[in-house]
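Note that the protein sequences, when read in sequence, are chains L and C. Mapped onto my numbering, the consecutive letters of the first sequence carry residue numbers 1 to 345. Mapped onto my numbering, the consecutive letters of the second sequence carry residue numbers 346 to 690. The structure appears right after this line, and notes come after that.
There are 2 protein chains.
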Amino acid sequence: MPEGPPRPRRGASTIEEVARAAGVSRQTVSNALNAPHRVRPETLERVTTAIRELGYQPDQSARSLRSGARRTLGYLAPVDDPLDPNPLMAGFLEALVDAAGAEGRRVLLFRPAPPTADPTAAIDELVAARQVDGLVLADVLAEDARIAHVARLGVPFVSFGRTGPGEPQHWVDIANDAAMAEVVRHLAAQGHRRIGYLGAAEELPWMAARRAGFLAEAHRLGLTAVALPGAEATAPSAVAAVRALLRGPDRPTAVAAGSDLLALDVYEAVRAEGLAVGPGGVAVTGFHDTPLCRHLHPGLTSVRLPLRAIAAALVGRLLGRLRGEAEPAAGLELPTELVVRGSSG
Amino acid sequence: MPEGPPRPRRGASTIEEVARAAGVSRQTVSNALNAPHRVRPETLERVTTAIRELGYQPDQSARSLRSGARRTLGYLAPVDDPLDPNPLMAGFLEALVDAAGAEGRRVLLFRPAPPTADPTAAIDELVAARQVDGLVLADVLAEDARIAHVARLGVPFVSFGRTGPGEPQHWVDIANDAAMAEVVRHLAAQGHRRIGYLGAAEELPWMAARRAGFLAEAHRLGLTAVALPGAEATAPSAVAAVRALLRGPDRPTAVAAGSDLLALDVYEAVRAEGLAVGPGGVAVTGFHDTPLCRHLHPGLTSVRLPLRAIAAALVGRLLGRLRGEAEPAAGLELPTELVVRGSSG
DNA sequence: TTTGTGTATTTGAACGTTCAAAACACCCGG
DNA sequence: CCGGGTGTTTTGAACGTTCAAATACACAAA
């Protein structure tokens, strides 16, 4: 697999050249970079100037080889179901890259190779090639094979999404149930007493938690609540189910959805029944606060995720583990924010 | 910035250990890996077995340091406008990672650091630290500072989106104008003679091209066409503009939108005017074929981008340049696919 | 002056791999 | 039996950095 002749490195200077320019030795330049306090201020100044003038930056490969630290975090991109794409993958990745960058770390993206699509094999390759210091996982399922694998391997990792009770608790997550409870309270405050919910029940932990949070809070407030299953991929049946609910006795005056896309189906069902979306007709809410929410009419009330805070917490915890600091005993749950728009008030 | 004591490397074996196990020298193992034809079949067999049994993979840092090849491609994530997020960022990235992986390359994600958000500085850092062999850029604008910068630096790169006439033509793109022309022909085939268009005119090259393609093809077919500006961020005014168009004389029977999100505004305008979306009322089309299309009622006709082909072409061209092969003289334009749904037929 | 102590700097070695060239083994024609 | 390929394997060096230990320096105490 020759890459061809190693092209001449564009003006890339080495530590030796900087040392010569500053009239010091290799190691002093290294110290100026990695342990400035060990260098006399006057010398530091001279070295810094030379570094600046030569545009020097340490070769990351050489640095990694010698020190063992890769300064890179791996992000295992979830195998995306094209029918049910993760609506916040892009936003989360951005936040993750920024959070890592703020700590001087880069993010290496990888995915299971398409034919087998085996995530554990992908992890093994990356780890064996020593390309990353640690891993960030997302979309964690119950009994997740990836978590079990990295835990067994002893690879430092954190996950966006909580891990099972028997596994290491290195996760950051949102409080899905509490978020839906807030939605319910919001609807109750608007005077709704009969409310519906559209969203899958079991397959995905976060969807299950939203549903459970909905039902629990509705019960606590003494509301009449009906939860419908809604598979993201089967829009027609979801619409039909909501329409039937709206036609039945005790028609709900509000319907919460487990995602923004599902809320679209609710919009359709409400209108097909000759009703209006909004506080006067049937109130609707979504989840994720995708750009879609602002483009709907009326705008869709939704739950916004603190992606930047999540990413920062993940990176912080992972770097903490890498430094060998005492590990926090439990996962971290971050609060969401309810964004109210015309669809509910 | 110490990473702490270099943790003991989990069972990571070295080339020396493999060599010992197979009873050969360092270099023979290296050859078995990088130039198998130079190794006697019998020896190759023995080495391969040892590699498998020890789970050996070459340390990427050591390999990079010596050979100069990083086996990693950098992807400069566009600075995303939260009001107008790139709807295919996630899908494109997936495709890119897979395409790179198929060639044994990884993708390193990076973004301009938030305070200054200067992309050229981010590029300089990555290149100076010699972390990647080449760059993939996206969302290329006219007179793009990033393109000019990498061209001046001499960094190997390719871009998703065409570069200006004076710049190197290392791009892969879709034919935005041809895609919209196909939409127009589709609508004409459905009997529409008066059609409207909603989409920005100038800021973004791809939006300008879609608009131009729309107008050109409508003119060629002798249709009556009206194009409205539609800033993604200002939904209310877009809706008002479409409504005015629908109320005016010579009401169009079809409206094409420059993106799926803008099509939502068209849906709203059509309904607000008491009309129906679809072939019977006002036909509507979008662009990008996001999951949204399937969740609308009726489903939204849209233009699907060949993201996997684009990614494969980009990676192929970039690796070609790295191998020093003769460069294709011009950019590559790939065809889109019109996905017809209920909104137009 | 000597000794000690701490700080600042330098030197030799090592990280794990591939490159370049040398060594070895074998076969062929003379 | 020798010289010259050709094909395979080994050896020494190098990539650019940081680690670990050694050295030089400055200054105070003996």
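C-beta: ideal position from N, C-alpha, C; glycine also.
- Distance from the Cα of L:Ala209 is smallest, within the candidate group L:Leu246, L:Ile195, L:Asp173, for L:Asp173.
- Classified as exposed, L:Glu202 has fewer than 16 neighbouring CB atoms from the shown chains inside 10 Å of its CB.
- For secondary structure counted as the alpha helix (DSSP H) over 4 or more consecutive residues, the segment 108 to 188 of chain L holds these complete runs in sequence order: 119 to 128, 145 to 153.
- Under the Cβ criterion (8 Å, minimum of three pairs), the segment 476 to 492 of chain C counts as touching the segment 508 to 517 of chain C.
- In the three-state reduction of the DSSP assignment, C:Arg451 falls in the strand class.
- With 16 or more other CB atoms across the displayed protein chains lying within 10 angstroms of its CB, L:Pro78 is buried.
- With respect to L:Ala95, C:Met434 sits apart: the two C-beta atoms are not nearer than 8 Å.
- Annotation: Cβ neighbours of L:Glu94 in chain C (cutoff 8 Å, chain order): Ala422, Asp425, Arg456.
- Residue state for L:His192 is assigned as coil, using DSSP reduced to three classes.
- When secondary structure is reduced to three states using DSSP, L:Arg294 falls in the helix class.
- Counted as a single uninterrupted DSSP element, the beta strand (DSSP E) harbouring L:Ala254 occupies residues 254 to 257.
- Shown in chain order are the members of the segment 466 to 489 of chain C whose Cβ falls below 9 Å from a Cβ of chain L: Ala467, Asp469, Glu470, Leu471, Val472, Ala473, Ala474, Arg475, Gln476, Asp478.
- Closer than 8 Å to the CB of L:Met207 there is not a single CB belonging to chain C.
- In this structure, the CA atom of L:Glu217 is about 5 Å from the CA atom of L:Ala181.
- Counting C-beta pairs with one atom in each stretch, the segment 320 to 337 of chain L and the segment 284 to 304 of chain L have three or more that are closer than 8 Å, which means they touch.
- Distance between L:Glu125 and C:Gln402, taken at the CA atoms: about 8 Å.
- Under the three-state reduction of DSSP output, L:Ser25 falls in the coil class, being neither helix nor strand.
- A residue is called buried once 16 or more other Cβ atoms fall within 10 Å of its Cβ, and L:Asp177 is buried on that count.
- For L:Leu204, the secondary structure class from DSSP, reduced to helix, strand or coil, is coil.
- By the Cβ neighbour-count rule, L:Asp260 is buried, with 16 or more other Cβ atoms within 10 Å of its own.
- Membership of C:Leu683 in the beta strand (DSSP E) is indicated by the continuous run 682 to 684.
- With its beta carbon at least 8 Å from every one in chain C, L:Pro229 lies outside the interface.
- Contact residues of the segment 36 to 59 of chain L toward chain C are Gly55, Tyr56, Gln57, Pro58, Asp59 (C-beta to C-beta distance below 9 Å).
- Runs of the beta strand (DSSP E) lying entirely within the segment 396 to 441 of chain C and spanning at least 3 residues, in chain order: 417 to 421.
- Assignment of C:Ala570 by DSSP, reduced to helix, strand and coil, places it in the strand class.
- DSSP places L:Val303 inside the beta strand (DSSP E), whose first and last residues are 302 to 304.
- Residues of the same chain with a CB within less than 6 Å of the CB of L:Arg105, apart from the 5 flanking positions on each side, are Arg71, Leu73 in chain order.
- A straight line joining the alpha-carbon of L:Arg38 with that of L:Ala99 spans about 29 Å.
- Counting along the chain, no alpha helix (DSSP H) covers C:Leu620, and no H or E run does either.
- Taking 7 Å as the upper bound on Cβ-Cβ separation, chain L lies near residues Leu606, Leu609, Asp610, Glu613 of the segment 597 to 629 of chain C.
- Take C:Arg530, set aside five residues on each side of it, and the residues of its chain with a beta-carbon closer than 8 Å to its own are Glu562, Leu566, in chain order.
- Taking a C-beta cut-off of 7 Å against chain L, the contacting residues of the segment 641 to 655 of chain C are Leu641, His642, listed in chain order.
- Proximity of chain L to C:Ala435 at the Cβ level (cut-off 8 Å) is accounted for by Asp80, Pro85, Asn86, Met89, Ala90, Leu93, in chain order.
- Excluding five sequence positions before and after L:Arg243, the CB atoms of its chain that fall closer than 7 Å to its own CB belong to Ala269, Ala272, Glu273, given in chain order.
- Ranked by how close their Cα comes to the Cα of C:Val648, the residues C:Thr359, C:Thr630, C:Leu664 have C:Thr630 in first place.
- When the beta-carbon positions are compared, C:Asp610 and C:Arg539 stay at least 8 Å from each other.
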